[in-house]
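To start, the structure under review is shown below, and the notes come after it.
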Amino acid sequence: MRTTTLLRVAAFQHRTVLVLGVVVLALLALWTHEVVAQAVAAHARMAAAHCPGGLYGDCLDALDQAQPAIQDAQLLQYALVATPALAGLFLGAPLVAREFEQGTYRLAWSQSVSPQRWLRGQLLVVWGGAALTAGGVCAALGLWLHTAVTPAFAPALGGFTLLPYNATGPVLAASVLLAVALGVAAGTLVRRTLPAMAVTLALYGAAMACLTWLRQWLQPVRHLLTNHGYNLAPDDWLLRDGVQLADGRRLLYAQCEPTCPNSAPTFEDYHTANQLWPMQWTQAGIMALLALVALALAHRALRRPRA
1 MRTTTLLRVA AFQHRTVLVL GVVVLALLAL WTHEVVAQAV AAHARMAAAH CPGGLYGDCL
61 DALDQAQPAI QDAQLLQYAL VATPALAGLF LGAPLVAREF EQGTYRLAWS QSVSPQRWLR
121 GQLLVVWGGA ALTAGGVCAA LGLWLHTAVT PAFAPALGGF TLLPYNATGP VLAASVLLAV
181 ALGVAAGTLV RRTLPAMAVT LALYGAAMAC LTWLRQWLQP VRHLLTNHGY NLAPDDWLLR
241 DGVQLADGRR LLYAQCEPTC PNSAPTFEDY HTANQLWPMQ WTQAGIMALL ALVALALAHR
301 ALRRPRA
């Protein structure tokens with residue numbers, strides 16, 4: 001069977017999921033457009049009220065009117081963050097598991113098409129085509145939302161905050177690729193659809209938890225020692241702070257409050273705002289590497305079943 005024929009068969013086989021994916025992406029785009037319009041309008045009202053920018057000041061009316069836009073933006077970010085998991089569950093996990101469960105692998109893996117070649121054809125359509133496109137579109141929508149809401153509502157929706165960080169840019173795109181790859185690997189090993197979906201969700205959740213813990217070290221941590229309290233910009237990411245004693249020991253505020261010495265200088269470990277995108281790209285690279293490892297594992301584990 002020619003490669004082009006193999007790809008056409010894969011696209012036809014997954015046509016329902018692919019069409020539903022296009023519909024979901026279109027709805028997300030319309031939703032993003034509406035939320036961005038609300039954010040721009042709220043920012044204009046705050047500027048007209050001479051608010052100092054962000055959620056500060058005495059502009060109570062403008063801030064009250066901005067609350068629905070903030071809530072809608074956060075809800076949309078939750079939806080964007082959930083998209084990779086859904087892709088892994090409904091696109092990745094059933095890819096191989098359903099073939100075993102329904103017995104259709106006997107037809108799919110004929111003498112002219114080995115299991116490994118069949119999998120490569122499926123991955124070109126599902127992972128290299130659908131997942132990559134979905135990840136790119138979601139990342140673009142998240143970036144559009146991030147650009148619109150951050151000037152209006154920072155730091156509530158600042159880039160380093162966990163929800164906005166995972167709902168935009170390269171990290172969101174790589175999350176889709178990773179979730180689908182983990183789903184394919186789980187389906188290949190478990191070979192039953194529902195258990196594979198459960199394993200996919202567990203693996204993806206564990207991977208994201210580990211990456212969330214790791215991300216503070218993906219860029220060099222900045223250190224600040226001052227006698228004048230906080231000197232960070234609103235969009236910087238404060239990792240830890242406290243007081244530094246005369247002997248050089250550092251105590252976090254949680255370790256010494258309420259008896260922290262007032263005369264001791266304060267220290268702050270943080271990331272600056274211009275480290276956001278390098279951090280995003282570094283994490284996305286790690287996630288892409290993990291996705292390739294998962295696909296390699298699936299490719300290696302897939303063998304022609306014995307009769």
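For the record, in the sequence shown the residue sitting at position 229 is 229 according to full-length UniProt numbering, with numbers rising by one throughout.
Think of the CB as a built atom: it goes at the ideal place given N, C-alpha and C, for glycine as much as any other residue.
Which listed residue (the options) has its alpha carbon closest to that of residue i
i           : options                : result
D64         : A42, T32, A148, P195   : A42
W31         : L18, T16, Y78          : Y78
R222        : A29, G187, Y270, W213  : Y270
A294        : A288, L182, G205, A246 : L182
L18         : A233, L132, R215       : L132
L224        : A69, G21, L238, T212   : L238
P234        : P84, G88, T161         : T161
L91         : T16, C138, P115        : T16
residue 308 : W281, V96, L289        : Residue 308 cannot be examined here, being either before or after the span of the chain that is shown, 1 to 307.
M287        : L297, P258, L177       : L177
W127        : F100, E101, G142, A87  : A87
L89         : A198, A284, A10, L297  : A198
A291        : Y230, M208, L214       : M208
Q219        : M46, A62, T259, W277   : W277
V23         : A134, G103, F12, G129  : A134
Delimiting residues of the beta strand (DSSP E) encompassing residue i
i    : result
T270 : For the sequence presented, residue 270 should be read as Tyr rather than Thr. Counting along the chain, the beta strand (DSSP E) containing Y270 begins and ends at 266-271.
W237 : 237-244
R249 : Counting along the chain, R249 falls outside any beta strand (DSSP E), and DSSP gives it neither H nor E.
N- and C-terminal bounds of the alpha helix (DSSP H) containing residue i
i    : result
W118 : 115-125
F90  : Segment: none, F90 is in no alpha helix (DSSP H) and carries neither H nor E.
P164 : 162-166
T32  : 15-48
L106 : Per the sequence shown, residue 106 should be read as Arg rather than Leu. 105-108 is the span of the alpha helix (DSSP H), which, as asked, contains R106.
Cutoff 6 Å; reference residue i; Cβ partners in own chain excluding five residues on either side
i    : result
V35  : D72, A73, L76
P94  : T193
A69  : Q38, A39, A42
C138 : L80, T83, L172
S175 : P84
A66  : A42
L297 : A185
A10  : G121, Q122, V125
V180 : A87, G88, L91, G92, W127, A131
Three-state secondary structure (DSSP) of residue i
i    : result
L141 : helix
L297 : helix
R303 : coil
W277 : helix
C260 : coil
R2   : coil
A233 : coil
G285 : helix
G169 : helix
S112 : coil
G128 : helix
G159 : coil
Nonlocal neighbours in the same chain, by C-beta distance under 8 Å from residue i, ignoring five residues either side
i    : result
L7   : G121, L124, V125
Q255 : G242
H146 : L157, G159, P164, A167, T168, G169
R191 : V96, A97, F100, E101
L211 : Q283, I286, M287
L232 : L224, L238, E268, Y270
Same chain only: Cβ atoms within 7 Å of residue i, ignoring 5 sequence neighbours per side
i           : result
T226        : P265, T266
R240        : L252, D269
Y165        : G159, V171
R300        : none
residue 318 : Shown here, the chain extends from 1 to 307; a query on residue 318 therefore has no answer.
residue 315 : With the chain covering 1 to 307 only, the question about residue 315 has no answer from this structure.
Contact test: residue i Cβ vs the ligand NAD heavy atom, cutoff 7 Å
i    : result
L132 : This structure lacks the ligand NAD, and indeed carries no ligand of any kind.
Fully enclosed by the stretch 190-230, which alpha helix (DSSP H) runs are 4 residues long or longer? Counting only runs of 4 or more, we get 193-214.
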